Amino acid sequence: MPKHEYTCAECPSFVSYQLKRYVDHLNNTHGTAKTIYISCPICNSTLCNTRSFSNHVSQRHKVDFNDEDDDANNNNNNNSNNNINNNNNNNNNDNTNDEANMQFDNNNESLSDNDNLANDHANVNGINSEEKENYPTTLLIMKLLHLLLTLQSLYYISEAAITYIALNMANILEWILHHGEVNYCIAQQQVGQHQMELHVLFGQSDPIREITRSSR
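Mapping to my numbering: the sequence shown position 205 is 205, numbers consecutive.
Written out as structure tokens, the structure reads:
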């Protein structure tokens with residue numbers, strides 16, 4: 001709806017774009033003056049009082065006081081809706097930024113994990129001589145773990161039983177590793193057993209025993 005400028009003939013400084021405010025000004029300021037003439041800014045018609053002016057504008061120009069108020073309320077509502085939309089857009093932008101930051105952090109963590117895995121793989125490939133000497137022990141532990149996992153998965157052994165076996169085997173392995181003489185005795189036993197089997201199968205004598213007998 002186009003806005004019309006309402007000016008007061010008695011008060012040149014008064015200007016209003018709302019019909020209701022203009023009529024209130026005329027009633028409150030010039031209501032007792034009988035010689036006042038109101039000019040319609042739309043058709044330049046001259047009226048002698050505010051009631052006739054209000055009826056003239058409402059009937060001939062289809063302008064109502066409530067329309068002016070509705071326009072003002074609509075403007076306020078539009079401003080409120082714009083503010084709400086701006087706030088929603090800001091919140092969406094903040095959420096998008098937070099998601100992007102979280103994704104960036106997750107990517108950094110994934111890269112760090114990959115770097116750690118690569119470093120572990122490099123450390124395994126670059127083991128020194130001392131670690132190579134302990135490598136059979138590591139293989140033994142891996143075989144035992146494979147055995148326990150096989151028992152649990154194929155034969156449905158309970159987890160409590162597997163845990164009990166693993167703890168006891170760990171204690172036994174730890175004791176053997178701290179007592180090197182046991183490994184030496186086991187190695188000597190295996191050598192003696194192989195020599196006895198050779199003597200039974202092929203009639204070969206034990207050179208160490210022959211040397212010992214001749215020296216006596």
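Built from N, CA and C at the ideal position, the CB exists for glycine as well.
Note that this is a predicted model, so its numbers are computed, not measured.
Residue i versus residue j: straight-line alpha-carbon distance, rounded
i: Ser39; j: His61; result: 14 Å
i: Tyr164; j: Pro136; result: 24 Å
i: Cys217; j: Ser54; result: Because the chain here runs from 1 to 216, residue 217 falls outside it and cannot be looked at.
i: Tyr6; j: Arg21; result: 9 Å
i: Asn168; j: Glu159; result: 14 Å
i: Leu154; j: His146; result: 12 Å
i: Glu10; j: Val57; result: 20 Å
i: Ser13; j: Val23; result: 16 Å
i: Ser52; j: Tyr17; result: 19 Å
i: Leu47; j: Thr29; result: 17 Å
i: Ile172; j: Met142; result: 15 Å
i: Pro41; j: Gln59; result: 15 Å
i: Ala166; j: His178; result: 18 Å
i: Leu149; j: Ala170; result: 15 Å
i: Trp175; j: Ala161; result: 21 Å
i: Gln152; j: Leu144; result: 12 Å
Which of helix, strand or coil DSSP assigns to residue i
i: Ile38; result: strand
i: Ser16; result: strand
i: His56; result: helix
i: Tyr22; result: helix
i: Ile141; result: helix
i: Tyr156; result: coil
i: His30; result: helix
i: Cys11; result: coil
i: Glu68; result: Because Glu68 sits at a pLDDT of 47, beneath the cut-off of 50, its placement in the model cannot be relied upon, and the point is left open.
Strand pairing of residue i, partner residues [DSSP]
i: Thr46; result: Ser39
i: Thr150; result: None; Thr150 has no bridge partner.
i: Tyr6; result: Ser16
Exposure label - residue i; buried when at least 16 CB within 10 Å
i: Val15; result: exposed
i: Leu26; result: buried
i: Leu19; result: buried
Where the alpha helix (DSSP H) containing residue i begins and where it ends
i: Ile172; result: 159-177
Min CB distance residue i to chain B below 9 Å
i: Ile165; result: No chain B appears in this structure, which consists of one protein chain only.
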